[in-house]
Each structure stands twice: as structure tokens, then as C-alpha cells.
Amino acid sequence: MSGFNTRAIHVGSEPDASTGAVNPPVYLTSTYAQDGVGVPRFSDYGRVDNPTRAALEHCLADLENAQFGVAFASGLAGEDALLRTLSPGEHVILGNDAYGGTYRLLTRIFGDWGVSVTCVDLSNLDEVRSAIRPSTRMLWIETPSNPLLNVSSIRVLSEVAHLHEARVVVDNTFATPYLQRPLDLGADVVVHSTTKYIGGHSDVIGGFVATNDDELAATLKFHQYAIGAVPGPLDCYLLVRGVKTLGVRMERHCANARAIAEFLATHPAVERVYYPGLKSHPGHDVAKEQMSDFGGMVSFTLRGGTGDARKVCESTQIFTLAESLGGVESLIELPAVMTHASTTGSLLELPDSLVRLSVGIEDVEDLLDDLNAALN
Ligand SMILES: Cc1ncc(COP(=O)(O)O)c(C=O)c1O
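For the sequence shown, this note's numbering begins at 2 and goes up steadily by one.
Printed below as a string of C-alpha cells:
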């Protein structure tokens, strides 16, 4: 099977061998019968393995062109399992506009454990190179980033990090494997909040980590069952179901987001639009090189500052004021006080007039009318 949509629909979801059911059964079981002492038929325990989870892991790894994939109970649980491969005294370089929860996990949990972090502008190679220390073990890239939609070159950054034997991690939540496959571009690990586009319907929390490194995969699998932040079988089923339509949803998210970004760019109340699909975006050329389209997220600042930004967020009728992203429905939020409140007072602090849109797959005319009315 070679086409993305064909693989998204069929890999891991072969008709059930005993019944022919075309969808993978939801295996609600915490344990498995053993044919003799220590001879389980499938696995010894539900935390260690579950067939619905295996179907999900198989499919998502395939879509990322990865040999191995491990699913977790949330995006942050997956990040935690990966960061536990570090030792006290080691150092991580993180983009200075990373998701606030990643920053919080690194600084407030792993920081206390002795891991240090330097936040840099990943589009400035001199800054990246000068942040590298002998103890640097990881370069963490989010591209496009949340919520500023900055784009950085996975290929170039991987070359730089590998000269210093640092592992390159890409948070591919915003792009999804439909638009960008970081392992093909030189990265070592891909992380996802599957809560977002992969699930696609705002009804499940999940995480996923993919790699071609067998030793790392074995450690992640060990962390998955030894720590226990596993997704339940129903959640895995929702993700298996969601990912089947990822390709068609992403096409529509991208088309709608492009139309909205172009509309906002000409609106007099809007100060600046952040969307990598706009030619004026500083990362447009890199995005064009490493992504097949520019995604469904758009951010913008308002000339009227924070008061106007709040008013817009509270005035839309179709865009729902809510955190999260990547679902079929459009959402609007104020990152500085909502999703990214944990970055207040830090290097990652955001402008308080910044509005973030997760553009859904509704009719674009309705979305444009909604924003137009809220902005006027
Ligand atoms: C880019 C990115 N990475 C990771 C996460 C964390 O994922 P989760 O909320 O599933 O733990 C989020 C959540 O918003 C995110 O936006």
C-alpha cells in the first residue's frame, strides 16, 4: 500500500480474522488468558499491550514512515516518556515559541530533576549553534509552532544537531504526517498530541511517539508500561477512526485557513497575520520545501490591543471560544491567558493581543462572515 489515504484507512485495520468485522474491535480487557503459566495468548496484562492500541500504533507509525510507534494517554505523557531518556546534568535546546506545556514540563518537572533547557530562535542557526553544549542531548523542534506559526528547517537543524550527537525531536502536531514527515527530513523522533488533528473531532486526549531507532523504541515501550500513562482501548478506537479521514480533513482545513489568512491580511483592524502559507511569512519558503500545504492554524494580532482581541474572541458565533485545536469545528482563543498562560513572565511570553484560530472544516463563507462580524 503506498497512498497516504489508503494506508490511513487500512493499515492496522484489516478485517477481523474471526468475524470479518471491518473495524478493529474495542478490546475492553485488562488481562489475557494464559495457555500455561507465563504463556499468555496475546500479552500478560492490559497496560503492557492491547490489540486496539496495537492497531493505532501500527497505523500511525506507518503514516510517519516510522518502524516503531508508541501510544500514550496524552501528548504530554508521550513527551514525558521521551524526556525520561535524559539524565540529570543533560541539556535540551527548545524553540523559544514552543507549546507552553512542553516548556512547563521541561522547566518545572525535568528542571527539578537536573535537566537544563535553553530556549532559542530556531530560525537563527548562529543562535542554535552557540546554545549547543557538550551536555546537549536533544534539540526539540515544533514546526509550525504553537501559536506563532514559526517555521524552522528540520533538515538543516538535524544536520547541525547530529554534528554534536544530539537527538532531534519534532513535534508534528500542527502539520500532521499528511503534510510533513520529519523522519524523512532527518529527525530522530516525532511526537504528537493525537488529541488534535489525528483524532480530529475534539472527543479524545492522546499522544504518540514515532522513531526508526530500535533502542529508543524499546525504551519508550518500557516507559509506556513501567510508568503506565497508556491510552484506553476506547480512546485508541476513536483515534483509529479519526485518522482514517485525516487526509480529506487536512485538505479542507488548509483551504479554509488560507482563505481566512488572506482575508485577515487585508482587514484594517488586524495588525499582523501569522500563517506560513502567506508569501509575507518569513518561513514561507522553508514551509513550502518541507510541507505539502500550510495547515489549518492561523494567528493574528489586533491594532486595538488586548481589549479588541478579547472582544473578537467573545463575539464570534461559529468559532467557539475554547482551548485545543485540530477538530472539525472552528475554535478561537487568546493564547497569552489561555493555552499558553504558563509562559507568562518567561522568555516564551506572548503578545496579549494575539488571537489563535483553529480553522475547522465548515463552509468557509460562514467562517469569513463570522470573523468579519466579530472584527467590525
Ligand atoms: C503542539 C502541541 N504539542 C503537545 C501538546 C500536548 O498535548 P496533550 O494536550 O494531548 O497532552 C499540545 C497541546 O495543546 C500541543 O499543542
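Even glycine gets a Cβ: it sits at the ideal position worked out from N, Cα and C.
| message | Would Leu369 and Ala260 qualify as a contact pair, given that the criterion is a beta-carbon distance under 8 Å? | response | Translated into positions along the sequence shown, residue 369 becomes position 368. Translated into positions along the sequence shown, residue 260 becomes position 259. Cβ atoms of Leu369 and Ala260: closer than 8 Å.
| said: If I follow the unbroken beta strand (DSSP E) through Tyr275, where does it start and stop? | reply: Start at 1 with the first residue of the sequence shown, and residue 275 comes out as number 274. Start and end: Val271 to Tyr275.
| query | Are Ser124 and Asn97 closer than 8 Å when you measure CB to CB? | reply | Here residue 124 corresponds to residue number 123 of the sequence shown, with the count starting at 1. Here residue 97 corresponds to residue number 96 of the sequence shown, with the count starting at 1. No, Cβ-Cβ distance for Ser124 and Asn97 is not below 8 Å.
| Nearest to Pro389 (by Cα), restricted to the options Asp309, Glu290, Gly233 and Leu217 | The structure shown does not extend to residue 389, since the chain is modelled only from 2 to 377, so the question has no answer here.
| field | Length of the line joining the Cα atoms of Glu65 and Asn377 | value | The residue you call residue 65 lines up with position 64 of the sequence shown. The residue you call residue 377 lines up with position 376 of the sequence shown. Between Glu65 and Asn377, the C-alpha separation is close to 42 Å.
| Within this structure, are the beta carbons of Thr345 and Tyr104 separated by less than 8 Å? | Within the sequence shown, the letter at position 344 stands for residue 345. Within the sequence shown, the letter at position 103 stands for residue 104. Not a contact, by the Cβ cut-off of 8 Å.
| field | Buried or exposed by the 16-neighbour rule on C-beta atoms within 10 Å, applied to Leu164 | value | Mapped onto the sequence shown, residue 164 falls at position 163. Exposed.
| message | Output needed for Leu351: all residues of its chain with C-beta closer than 6 Å, excluding positions within five of it in sequence on either side, in chain order. | response | For this step, residue 351 is matched to residue 350 along the sequence shown. These residues qualify, in order along the chain: Pro336, Ala337 and His341.
| task | Give a yes or no on whether the C-beta atoms belonging to Val192 and Gly79 are separated by under 8 Å. | result | Along the sequence shown, read from residue 1 onward, the residue named residue 192 stands at position 191. Along the sequence shown, read from residue 1 onward, the residue named residue 79 stands at position 78. Yes. Within cutoff.
| message | Alpha carbons only, please: which of Phe320, Pro26, His268 and Tyr33 is nearest the one belonging to Ser44? | response | Along the sequence shown, read from residue 1 onward, the residue named residue 44 stands at position 43. Of the listed residues, the one whose Cα sits closest to Ser44 is Tyr33.
| request: Could you tell me whether the Cβ atoms of Cys120 and Val244 are closer together than 8 Å? | output: Residue numbering aside, residue 120 sits at position 119 when the sequence shown is read from its first letter. Residue numbering aside, residue 244 sits at position 243 when the sequence shown is read from its first letter. It is not a contact, given that the beta carbons lie outside the stated cut-off.
| Rounded to whole angstroms, how far is the Cβ of Gly208 from the Cβ of Ser75, which I believe are closer than 8 Å? | Start at 1 with the first residue of the sequence shown, and residue 208 comes out as number 207. Start at 1 with the first residue of the sequence shown, and residue 75 comes out as number 74. With 8 Å as the limit, Gly208 and Ser75 qualify as a contact, their Cβ atoms being about 5 Å apart.
| said: Gln318 and Asp353 - do their beta-carbons sit closer together than 8 Å? | reply: Against the sequence shown, residue 353 aligns to sequence position 352. Against the sequence shown, residue 318 aligns to sequence position 317. Their beta carbons are not under 8 Å apart, which means Asp353 does not touch Gln318 by this criterion.
| Residues that DSSP places opposite Met139 in a beta bridge | Along the sequence shown, read from residue 1 onward, the residue named residue 139 stands at position 138. Partner(s): Val93 and Arg168.
| field | Start-end ranges of the alpha helix (DSSP H) lying completely within the segment 42-85, minimum 4 residues | value | 52-64 and 76-84
| field | First and last residue of the uninterrupted alpha helix (DSSP H) at His202 | value | On the sequence shown, residue 202 is found 201 positions in, with the first residue counted as 1. That residue, His202, is in no alpha helix (DSSP H); it is neither H nor E in DSSP.
| By how many angstroms is the C-alpha of Val129 removed from the C-alpha of Val23? | Locating residue 23 in the sequence shown gives position 22, counting from the first residue. Locating residue 129 in the sequence shown gives position 128, counting from the first residue. One C-alpha to the other measures close to 48 Å.
| query | Counting contacts by CB-CB distance shorter than 8 Å, is Leu326 in contact with chain B? | reply | In summary, chain B is missing from the structure at hand, where a single protein chain is found.
| field | Identity of the residue in Asp286, Glu315, Leu332 and Gly327 nearest Ala176 by Cα | value | As a first step, residue 176 is located in the sequence shown; it is residue number 175 there, counting from the start. It is Gly327 whose Cα lies nearest to the Cα of Ala176.
| Are the beta-carbon atoms belonging to Ser359 and Leu332 less than 8 Å from one another? | Position 358 of the sequence shown, counted from the start, is the residue given in the question as residue 359. Position 331 of the sequence shown, counted from the start, is the residue given in the question as residue 332. The answer is yes: Cβ separation under 8 Å.
| task | Would you give the residue range spanned by the alpha helix (DSSP H) that Ala211 belongs to? | result | Along the sequence shown, one-based indexing puts residue 211 at 210. From DSSP, Ala211 is part of no alpha helix (DSSP H) but of the beta strand (DSSP E) over Gly208 to Thr212.
| query | Alpha carbon to alpha carbon, how far is Ala375 from Gly308? | reply | Along the sequence shown, one-based indexing puts residue 375 at 374. Along the sequence shown, one-based indexing puts residue 308 at 307. So the two alpha carbons sit approximately 13 Å from each other.
| said: Quick check on Gln35: does DSSP put it in helix, strand or coil? | reply: By 1-based counting over the sequence shown, the position of residue 35 is 34. Three-state result, Gln35: strand.
| said: Quick check on the burial criterion: 16 or more other C-beta atoms within 10 angstroms. Buried or exposed for Pro148? | reply: Here residue 148 refers to the residue found at position 147 of the sequence shown. With 16 or more Cβ atoms within 10 Å of its Cβ, Pro148 is classed as buried.
| task | Tell me Leu358's beta-bridge partners as DSSP assigns them. | result | Working through the sequence shown from its first residue, we reach residue 358 at position 357. DSSP output for Leu358 lists Val299 and Ile333 as bridge partner(s).
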